[in-house]
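Participant: Everything in the sequence shown is counted per UniProt numbering, starting at 1 for the first residue and increasing by one.
Glycine is no exception: its CB is placed at the ideal position from the N, C-alpha and C atoms.
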Amino acid sequence: MPAHTFKKIDLEDIQVFCLTAECQSFTEASILIGTTPSAISKAIARLEKKLSLKLFERSTRAMRLTEEGASYYAVCKEALADIQDIENQLAVDGKPRGTLRISAPDSYGMTVLIPQIAPFIEAHRQALKVEIALGNHFVNFTRESVDIAVRIGELEEARVVAKYLHTAQFKLVASPDYIAQFGTPQTIADLQQHQCIGIHFPDRGSVIPWEFGEKSERFPLQFAITHSHSMGALAHAVAGLGIVRLLDYSVQADIEKGNVIEILPGTAPPAMKVHLVYPSSRYIPAKTRLFIDYFMDSILPNVAKQNRDIDYFI
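If you want it as structure tokens, here you go:
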């Protein structure tokens, strides 16, 4: 038989290291594991000795991963997830179980995901719990406990699998009452004379600029009202307080009801792509596969019906 070199890998110390990296505290990690800060410190010390490198920078006030520690954490986190995934699949013959954690942008969650996910939750309530987190930041799968996310726009992360869903197009809308009072802008420049409602997400330094045309040219505007939530901005537009710029899936229902009217059609920038994204792994958890299938079979066709102009996956 060929000779093999056996090298022991202490998965428990690696698990301790990953949790400590996420907590950024020996004390907090020890509480979650049910041990002492001293035991956590010794486990980290064993790893650092074995690797001959420093995993954490420590001070009296804080601790953070070193550059090498961050690289080691990313690989270990993914490896541990792969082990957990395959154990889960083998243990229950590939049947979904546990908690499915879904992340989506606020407006997409409120208008697309939440209204249509009830049958999925009901069908699997005995084996599967569902957690939905709405927010407008890019999910970091390495550091956040999320199984799958809806992402709109460019895909900047390499270690994810992306499943294309459909496109999303910006639309300018205002209520009939607003248009009756202030008139309909005929050109982009006319917007400077109108009440415009902007979006200012908490993690951004300024109001999201309005872009127009194939080259996505920005047009400077003074916003009369700003919102941190897309649906709040839409509510004010419906109430007649101004013109808002939102993605089509957010406003289509109100357009069809006559609550708002699209203005300056044909001036929008290129459509953005919408994807389902999940961590790159050899093993996709059964719960993730189940949700992807449900989305493609039950949610996506309804999105296509409601937004006839979109390009979507067939």
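1. Between A168 and L247, is the Cβ-Cβ spacing less than 8 Å?
2. Take the Cβ of N136 as the centre, count every other Cβ of all protein chains shown within 10 Å, and call the residue buried at 16 or more, exposed below.
3. Skipping 5 residues on each side, what residues in its chain have a beta carbon closer than 6 Å to that of S281?
4. Among M110, D177, A162, D297, whose alpha-carbon lies nearest the alpha-carbon of H275?
5. Verify whether the separation of the beta carbon atoms of L128 and A104 is less than 8 Å.
6. Using only alpha-carbon positions, find the residue among F138, C23, A45 that is nearest to M63.
7. Given this structure, state the Cα-to-Cα distance separating A237 from A174, to the nearest angstrom.
8. Using the beta-carbon count (16 or more within 10 Å), is R101 buried or exposed?
9. Quick one: is Y108 buried, meaning 16 or more other Cβ sit within 10 Å of its Cβ, or exposed?
10. Starting from F291, follow the alpha helix (DSSP H) in both directions and report where the run begins and ends.
11. Could you give the residue range of the beta strand (DSSP E) that holds Y283?
12. Might you give, ordered along the chain, the residues of its own chain that have their beta carbon closer than 7 Å to the beta carbon of L264, omitting 5 neighbours on each side?
13. Is the beta carbon of A224 sitting closer than 8 Å to the one on Q195?
Facilitator: Taking the structure as given:
1. yes
2. buried
3. D82
4. A162
5. no
6. C23
7. 6 Å
8. buried
9. buried
10. 286-294
11. Neither: Y283 is in no beta strand (DSSP E) and is coded neither H nor E.
12. L172, P185, I188
13. yes
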